[in-house]
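Chains as they are written, first to last, in this note's numbering: chain Y, 1 to 338; chain W, 1001 to 1321; chain A, 2001 to 2375. All residues carry an ideal CB built from backbone N, CA and C; glycine is no exception. Written out below as structure tokens is the structure these notes cover.
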Amino acid sequence: MPKKSFRQAINEALRQEMERDPTVIVMGEDVAGGMGAPGEDDAWGGPLGVTKGLMPLFGRERVLDTPISESAFVGAAVGAATTGLRPVAELMFVDFMGVCFDQIFNQAAKFRYMFGGKATTPLVIRTMYGAGFRAASQHSQCLYNLFTHIPGLKVAVPSNAYEAKGLLTQAIRDDDPVIFFEHKAMYDDEAEVPDEPYAIAFGEANVTREGEDVTIIALGRMVNFANAAADRLAAEGISCTVVDPRTTSPLDRDTILETVEETGRAVVVDEAHPRCSMATDIAALIGQEIFDSLEAPVRMVTAPHAPVPFSPALEDMYIPGVDRIVEAVRQVHGHGRR
Amino acid sequence: MQLSREDLLEAYRRMRLIREFEDAVHEEFAAGNIPGFVHLYAGEEASAVGMCMHLDDRDRIASTHRGHGHCIAKGCDTRAMMLEIFGKREGLCAGKGGSMHIADLEKGMMGANGIVGGGPPLICGAALAAKTLGTGGVAVAFVGDGGSNQGTTLESYNLAKVWNLPAIFVIEDNGYAESTASSWSVGGSQTGRAAGFGMPGTEVDGFDFFAVWEAAREAVERARAGQGPSLLHVRLSRYYGHFEGDACTYRAADEVERIKAEKDPLLLFRRRVGEAGLLEPEDLDAIDRQAREQIAACVRDAKGAAYPGEADLTTDVYASY
Amino acid sequence: MSGEIQPIVMPKWGLAMQEGMLAEWLVEEGATIDKGQEIAEIETSKIANVFESPAAGVLRRRVAEEGQTLPVGALLAVLAPATVEEEAIDRFVAAFQERFAEALAAGAAQAAPEPRTVEAGGRRIRYLEVGEGAGPPVVFIHGFGGDLSSWTLNQEALSETRRTIALDLPGHGGSDKSVATGSLAELAEAVADFLEAMEIPRAHLVGHSLGGAVALELALERPGKAAGLTLVAPAGFGEEIASAYLEGFLQEKRVKKLRPVLEMLVHDPATISREMVEEVLRYKRLDGVVEALSRIRESCFAEGRQRIELRSRLGELAVPVQILWGREDRILPVRQAEGLPEDVPVTVFEACGHLAHMEKAAECNTRIAAMLERA
């Protein structure tokens, strides 16, 4: 099985879906790059090269560079989706959602419902999230919770290259608007990724390992940290189940609740800010649905309630690391025991 | 291209239907029979119909919160519309959108929009789809003078221009953005802004169906020929308030009365076709009667129809769950 | 005396195996072990299995620790007569480790043969070819939902003296996923096309389960193509089949639910590793797989019964055939191997399920080799 990077896996999903379906188009700022400029065409392929090579293959009718004009081009992607295309628009950094959120949450998300089931909006918005690049507070947020909150949107947060290709393929094939979150620090990370096209269904969590003592639910990049923490804890004799929900909307409640019921102890790891987050969402769900199975309160491992700092010294403290996950699991494991 | 007799009758029919529809909704709202917010189009009929007479099934329109007129002009079913405004299950949007989100994608009506400036980007998208899929269709955004200041609108001019989209922006300037005069809130001019973005812009007398029709014809032809976007600045007047319940104290006391007497679009149409000998008063009177009856029937049906039930509450949030 | 010291090293199971994890020792230091005795449990990323000692002697030193992952060829244990001194064993171990480390550092890891593809009858078929030798090659055909890696423990062993080829049937592995009707005839024809594309006029066919039926169908419909047949728990020998297995295989989407289904395949459930279950899930996600498998099931095993009947046609065969079956087979019951013509040798393995070629790999390889000698 060939190994591919997160970046390559996403590129491959886009390419294979564009080959399969002529209504799939890609648009965004510098998704090719060099438009109108005298030098190289396809100069960037996206800010981190994820869409490189698509424009030479499919032409500028299907790979469209946009002006820096999110509310117009994201809105155009919405309108195009409703009228026969399957656009994959890039919101370069999710932190920019402020200038186009209306198009996403008030238009795309609500058309089907508001129009009595008569609209179909098969839109994908790909966006970069996450800290670790020293890009500071306006280029490092997670924010998938905000989109998860909106009925009518679907949200995917892949945790590795295999997941990325399958979830993006599903996102493109899905007839609902999907926001696809790519952690910017993961683009070089590799995994075994089949050459053939495949889709991973939404709303089906992946259990990356099974254990008896504590269940860790983690999102995106944090899944890999959770697995690393579980390795360390195994050496201490604490065995963990690790659950990757894959999509925050729809959320695989059944798997989360079943796996927490088995251990009675849960830790939720979420890189986002701690208020009104996926961590609080999942913790509350567990508390409401399986309170009697719990041996300990659900612990949440998150960033602090602060903007993402610039200084490497501070940013490294900010991101929930393996150490903090290990500590949280130990606490939860030890709760109520002598 | 001239307007045939059938075209003229059709144009008048659509305008009269809009007028009857809006007057009926005004009455029903005042009687307490309609929930939520309603924004009426009476007085502006020539704009919607003058443009939509050039459009067919390939074409898409997006509207503002004041969308009933665009909806009827694009061929949506008035009965289903009325039921929708009353919140009934058999309404055009299954009772889930209401007046502010009234839409019928099957007729190319991409919806009234509760967000000012929501339409123009959508229309850029519809135009992009038409261009990419080679349908030959055009996309028309109806925008108010208020909406013309929204960032989304201005960004859409730019996007439509740089992507050379078959898009048309119709600025329906009724002089008021809610209670604020457009003369105060619009910096520069609508056509000046179009020129600023490299688009043709035309001033249009929105009380005169034929003026709108002519300007629209050029814009639609330009778009279909692949020559890119245009803007029409259509001056007109709304007879009712910004919303139903608006006392309109910001308008001069006799403003609406004078316009109705001198410049009512239906009146002007009658006069023009009468003077030119194109249609007889009896032809138009018959349409008046038929439209009144049709709308009255819509209201009766709307009142008697059932509301949606609990089973409908969470359906159609997603295409697949 | 050092000539009597024998190293036991990490085996190579399958051509892609680079390393294994010694999960558990089954014998103590000081024990006398026989050749073929189960001495450890080893796990790779593909499979978990018992390791049978390649030599007899006294187990003087367990070098590898439980839970340790080591490369193929690394020292696991040392056998030596009781008379050999501890220091000699220490020296032997040290010397071995030094040489081994040098070999590794020299980048000596030989590239394992990679699967390739060929266009056959309008389809892309993936296959893995290993070994050279005179005589008709051995062609391995896997079963429903499997792929060429099914023969991991067999291909390596037999490739020492013979050209071996394991292929992926249409709808499986790395072959084209589209399948027209999924009938036995279609699958057999695909294999015939493959043989032609590979310019193989005649081959020893080794088939498992549905693959066994495919092999037999091919031999019957295209006389001369098969030099001999080894059928491991083949389909087509009775009506009964565990439809719950087929249903579960197709339906289940979670590791937790799919694992018990796959455990039906084997006698010892520990044989089914998490990775194996994950691989099946990943395979099923590939475009076209569920469609292809559904058609094959509908054609060959509709409504939970075998729709293919080959037992009655055994007499038509002009080439040798042998049948291997596991006593504890829960997919295709072993009694389907009863009452066959006398000239069809049947071997039933004890404590073995549906995957005899994996669960009793060494014994199967011996019998396949014997068939190659005969034919």
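Extent of the continuous beta strand (DSSP E) run through residue 270 (chain Y): The sequence position of residue 270 (chain Y) within the first sequence is 270, counting from 1. It spans 266–270 - the beta strand (DSSP E) in which residue 270 (chain Y) sits, taken as one unbroken run.
Secondary structure, alpha helix (DSSP H): runs of 4+ residues fully inside the stretch 2199–2241 of chain A: 2210–2221
CB contact below 8 Å: residue 1967 (chain A) versus chain Y: A query on residue 1967 (chain A) cannot be resolved here, the shown segment of chain A reaching from 2001 to 2375 and no further.
Cβ-based burial, residue 2017 (chain A) [other Cβ within 10 Å; buried from 16]: Counting from 1 along the third sequence, the entry for residue 2017 (chain A) is found at position 17. Burial call: buried.
Within-8 Å CB hit, residue 207 (chain Y) to chain A: As a first step, residue 207 (chain Y) must be located in the first sequence, where it is residue number 207. Interface residue, yes.
Close Cβ partners of residue 2337 (chain A) (< 6 Å) along its chain, the five nearest in sequence each way excluded: One-based indexing of the third sequence puts residue 2337 (chain A) at position 337. Only 2323, 2325, 2346 meet the Cβ criterion.
Nearest neighbour of residue 2226 (chain A), chosen from A:2196, A:2272, A:2254 [CA to CA]: In the third sequence, counting from the first residue as 1, residue 2226 (chain A) sits at position 226. The residue from A:2196, A:2272, A:2254 with its alpha-carbon nearest to that of residue 2226 (chain A) is A:2196.
Alpha-carbon to alpha-carbon, residue 48 (chain Y) and residue 223 (chain Y): As a first step, residue 223 (chain Y) is located in the first sequence; it is residue number 223 there, counting from the start. As a first step, residue 48 (chain Y) is located in the first sequence; it is residue number 48 there, counting from the start. About 22 Å.
Residue-level contact to chain Y via CB, residue 2253 (chain A), 8 Å cutoff: Reading the third sequence from its first residue, position 253 is the one you call residue 2253 (chain A). Nearest CB-CB separation between residue 2253 (chain A) and chain Y: below the 8 Å threshold.
Own chain, CB closer than 7 Å to residue 199 (chain Y), minus 5 neighbours either side, in chain order: What you label residue 199 (chain Y) is simply residue 199 of the first sequence in a count that begins at 1. Answer for residue 199 (chain Y): 166, 169, 170, 173, listed in chain order.
Enclosing alpha helix (DSSP H) for residue 2184 (chain A) [first to last residue]: The residue labelled residue 2184 (chain A) in the question sits at position 184 within the third sequence. It spans 2184–2197 - the alpha helix (DSSP H) in which residue 2184 (chain A) sits, taken as one unbroken run.
Residues near residue 1066 (chain W) in its chain [Cβ-Cβ closer than 6 Å; skip 5 each side]: For the purposes of this step, residue 1066 (chain W) is taken as residue 66 along the second sequence, with counting starting at 1. 1039, 1041, listed in sequence order.
Inter-residue CB distance, residue 51 (chain Y) and residue 106 (chain Y) (contact presumed, cutoff 8 Å): Looking up residue 51 (chain Y) in the first sequence gives position 51. Looking up residue 106 (chain Y) in the first sequence gives position 106. In fact, because the Cβ distance is near 27 Å, the residues do not count as touching under 8 Å.
Min CB distance residue 199 (chain Y) to chain A below 8 Å: Here residue 199 (chain Y) refers to the residue found at position 199 of the first sequence. So, interface residue.
Residue 2001 (chain A) in three-state terms, based on DSSP: Walking along the third sequence from the start, residue 2001 (chain A) turns up at place 1. Unreliable placement is indicated for residue 2001 (chain A), whose pLDDT of 42 sits below 50; no coordinate value is reported for it.
Which residues DSSP lists as bridging residue 2049 (chain A), in chain order: On the third sequence, position 49 is the one that residue 2049 (chain A) refers to. Answer is A:2042, bridged to residue 2049 (chain A).
With 16 other Cβ atoms within 10 Å as the buried cut-off, status of residue 1 (chain Y): On the first sequence, residue 1 (chain Y) is found 1 positions in, with the first residue counted as 1. So residue 1 (chain Y) ends up on the exposed side.
Own chain, CB closer than 6 Å to residue 2041 (chain A), minus 5 neighbours either side, in chain order: The sequence position of residue 2041 (chain A) within the third sequence is 41, counting from 1. The answer, listed in chain order, is 2023, 2024, 2050.
Touching by the beta-carbon criterion (3+ pairs, under 8 Å), the stretch 200–207 of chain Y and the stretch 242–252 of chain Y: yes
Reduced DSSP secondary structure (H/G/I, E/B, other) of residue 1058 (chain W): Position 58 of the second sequence holds residue 1058 (chain W). If DSSP states are grouped into helix, strand and coil, residue 1058 (chain W) belongs with coil.
Extent of the continuous beta strand (DSSP E) run through residue 1171 (chain W): Reading the second sequence from its first residue, position 171 is the one you call residue 1171 (chain W). From DSSP, the beta strand (DSSP E) with residue 1171 (chain W) extends over 1167–1173.
Per-residue DSSP class, three states only, for residue 273 (chain Y): For the purposes of this step, residue 273 (chain Y) is taken as the residue at position 273 of the first sequence. In this structure, residue 273 (chain Y) counts as coil in the three-state DSSP scheme.
Closest residue to residue 1205 (chain W) among W:1009, W:1120, W:1237 (Cα-Cα distance): Numbered from its first residue, the second sequence carries residue 1205 (chain W) at position 205. Taking only the C-alpha atoms, the option nearest residue 1205 (chain W) is W:1237.
Minimum Cβ-Cβ distance from residue 315 (chain Y) to chain W less than 8 Å: Reading the first sequence from its first residue, position 315 is the one you call residue 315 (chain Y). Closer than 8 Å: no.
Cβ pair residue 1108 (chain W), residue 1061 (chain W) closer than 8 Å: For this step, residue 1108 (chain W) is matched to residue 108 along the second sequence. For this step, residue 1061 (chain W) is matched to residue 61 along the second sequence. Yes, Cβ-Cβ distance for residue 1108 (chain W) and residue 1061 (chain W) is below 8 Å.
Outcome for residue 291 (chain Y) when other beta-carbon atoms lying within 10 angstroms are tallied against a minimum of 16: Here residue 291 (chain Y) corresponds to residue number 291 of the first sequence, with the count starting at 1. By the 16-neighbour rule on beta-carbons within 10 angstroms, residue 291 (chain Y) is exposed.
The stretch 72–88 of chain Y: positions lying closer than 8 Å to chain W by Cβ: Listed by position along the chain: 72, 73, 74, 75, 76, 77, 78, 79, 80, 81, 82, 83, 84, 85, 87.
Residue(s) in a DSSP beta bridge with residue 2165 (chain A): Reading the third sequence from its first residue, position 165 is the one you call residue 2165 (chain A). DSSP, once it has assigned bridges, lists A:2129, A:2139 as partnering residue 2165 (chain A).
Per-residue contacts from residue 2285 (chain A) into chain Y (C-beta, under 7 Å): If you number the third sequence from 1, residue 2285 (chain A) lands on position 285. In chain order: 166, 198, 199, 200.
Start-to-end residues for the alpha helix (DSSP H) that takes in residue 1127 (chain W): What you label residue 1127 (chain W) is simply residue 127 of the second sequence in a count that begins at 1. First-last of the alpha helix (DSSP H) with residue 1127 (chain W): 1119–1133.
Run of the beta strand (DSSP E) containing residue 2059 (chain A), from where it starts to where it stops: Along the third sequence, one-based indexing puts residue 2059 (chain A) at 59. First-last of the beta strand (DSSP E) with residue 2059 (chain A): 2057–2062.
Straight-line Cα distance separating residue 40 (chain Y) from residue 1075 (chain W): Residue 1075 (chain W) sits at position 75 when you count from the first residue of the second sequence. Residue 40 (chain Y) sits at position 40 when you count from the first residue of the first sequence. C-alpha separation (whole angstroms): 48 Å.
Residue-chain proximity (residue 1099 (chain W), chain Y), Cβ-Cβ < 8 Å: On the second sequence, position 99 is the one that residue 1099 (chain W) refers to. Chain Y contact via Cβ: absent.
Closest by C-alpha distance to residue 2369 (chain A), when choosing among A:2056, A:2127, A:2190, A:2230: Taking the third sequence and counting its residues from 1, one reaches residue 2369 (chain A) at position 369. The candidate whose alpha carbon is nearest that of residue 2369 (chain A) is A:2230.
Closer than 8 Å to chain Y by CB, residue 2225 (chain A): The count along the third sequence starts at 1 and reaches residue 2225 (chain A) at position 225. Answer no: the Cβ-Cβ gap between residue 2225 (chain A) and chain Y never drops below 8 Å.
Limits of the unbroken alpha helix (DSSP H) element including residue 1304 (chain W): Translated into positions along the second sequence, residue 1304 (chain W) becomes position 304. Residue 1304 (chain W) -> alpha helix (DSSP H) spans 1281–1304.
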